[in-house]
Each structure stands twice: as structure tokens, then as C-alpha cells.
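According to our numbering, the sequence shown is numbered sequentially starting from 1.
The beta-carbon is built from N, C-alpha and C at its ideal position, and this holds for glycine as well.
Presented below is the structure to which this report refers.
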Amino acid sequence: MLRHLPNLICIARIVLIWPIIATLRSADYEAAMLLFAAAAVSDGLDGYLAKRFGWTSELGKLLDPAADKLLLVFVFVSATWLGLVPRWLTATAVARDVLIGLGALVFRVGFGPLQGRPTPLSKLNTAVQLAYLLCVMVHAEFGFAGRGALAAFAVITLVTTVLSGADYVLAFTRRALAVPARSS
Numbered sequence: 001m002l003r004h005l006p007n008l009i010c011i012a013r014i015v016l017i018w019p020i021i022a023t024l025r026s027a028d029y030e031a032a033m034l035l036f037a038a039a040a041v042s043d044g045l046d047g048y049l050a051k052r053f054g055w056t057s058e059l060g061k062l063l064d065p066a067a068d069k070l071l072l073v074f075v076f077v078s079a080t081w082l083g084l085v086p087r088w089l090t091a092t093a094v095a096r097d098v099l100i101g102l103g104a105l106v107f108r109v110g111f112g113p114l115q116g117r118p119t120p121l122s123k124l125n126t127a128v129q130l131a132y133l134l135c136v137m138v139h140a141e142f143g144f145a146g147r148g149a150l151a152a153f154a155v156i157t158l159v160t161t162v163l164s165g166a167d168y169v170l171a172f173t174r175r176a177l178a179v180p181a182r183s184s
């Protein structure tokens, strides 16, 4: 039973999305912040447990990135809708995730199964995006981190998002070029 714990944590992260969005929409930023922090911590926890105890599964390999993408996309879009996050940053974050998804689909269809793990730059980007959104909620609730600091953090988030997206494009391209040509 414990070997399924990482998958259950991923599912819990997905389930937390709606309450996070609902609390953001009702301007209950403290509750949104706490729920979002729990979701962010769960991202690290499920990965740690899966690796530490060998509790990996094919389902987990799909659930974990899906939970991350869903959480970040929904919170970015909702926070932008509420005027908490700049549109340009949300557009970039969503475009990166769409690009990665399309790249994985093209690779799968054109070249076969995509064996791989998130790159270190992708992990950094996810951490930066989670931290940025948490700071946005802290600012909305308590006024900490002035607008200048949030703007600077938004630019840092933009840079890691763009670099991570480019890193994935290069990784997909290298893998595709390394696949032997199919004989017709």
C-alpha cells in the first residue's frame, strides 16, 4: 500500500487545485496561500518518496508532471484573471507547458516512446514558478514584498521559464536526431 503513496499525493495535489482557485477568487489569500504551499510541498514530497523508496510507477510518471502542469497553469491563469500576475508571464508559462506537451506528443508519434526525466533546469523552473506564485499570494494577503520586488521576481520567473522551454526543445531535438532512421 505504501508504494502507492506518491501517486496518492499527486492526486491530492490535483484535488487541491479547485480549493486554491476558489479561495483566490473569493480574495481569501491566506487560505489560498496555505493550500498552495501544501500543494507545492507535495510536489517535492512525492518525488522524494518515489526515489528514496523505489515507489515509482508508470502511472506516477504521468501523474506527477500532469499534477504540476495543472496546478501551475490553473493558478497562473486565475491569478492573472484577478490582476495579481502579469499577462505576459502567464502567457509565457502556459506557452512553455503547451510547447513541452506538443513536443512530447510529436516525439511519441514520430520517434517512439519518450524516455526521460525532467531536466535540472525544468526542476528549477518549477520551483521558481511555485515560489513566485506563493510570493504573489503573500503580497496579496500581507503586502510583503513590494511591487518592485515582485516585478523583479516575475522577470526571474520569465527567464527560467524561457530557458527551461528552450532546454526541452533542444533535448527533444537531440533525442530525435539520435533515433535511427526507419526503413520504408
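Practice problem: Could you tell me which of F53, A91, R52, L71 sits nearest to I11, measuring between CA atoms? | Solution: L71
Practice problem: Measure the alpha-carbon distance for D64 versus A79 and round it to whole angstroms. | Solution: 22 Å
Quiz item: Any chance the segment 148-166 sits against the segment 128-137, with 3 or more Cβ pairs inside 8 Å?
Solution: yes
Quiz item: Where do the ends of the alpha helix (DSSP H) carrying F111 lie?
Solution: 87-111
Practice problem: Count the other C-beta atoms from every protein chain shown that fall within 10 angstroms of the C-beta of R13, then say buried if there are 16 or more, exposed otherwise. | Solution: buried
Practice problem: Find the nearest neighbour of P120 within the set P180, L114, Y168, A145, judged by alpha-carbon distance. | Solution: Y168
Self-check item: Coarse secondary structure for A39, derived from DSSP in three states
Solution: helix
Quiz item: alpha helix (DSSP H) containing W55: first to last residue?
Solution: Careful: W55 lies outside any alpha helix (DSSP H) and carries neither H nor E.
Practice problem: Closer than 8 Å by C-beta to K51: which residues in its own chain qualify, once you throw out the five before and the five after it? Chain order, please. | Solution: none
Quiz item: Could you give the distance in angstroms between the alpha-carbon of V138 and the alpha-carbon of R96?
Solution: 25 Å
Quiz prompt | Own chain partners of W55 with C-beta closer than 8 Å, once the 5 adjacent residues on each side are dropped | solution = L2, R3, H4, L5, P6, L49
Practice problem: Count the C-beta pairs between the segment 97-104 and the segment 158-178 that are closer than 8 Å, then say yes if the count reaches three, no if not. | Solution: yes
Quiz item: Do the CB positions of L24 and V75 come within less than 9 Å of each other?
Solution: yes
Quiz item: Would you say T160 and L133 are within 9 Å of each other, going by their C-beta atoms?
Solution: no
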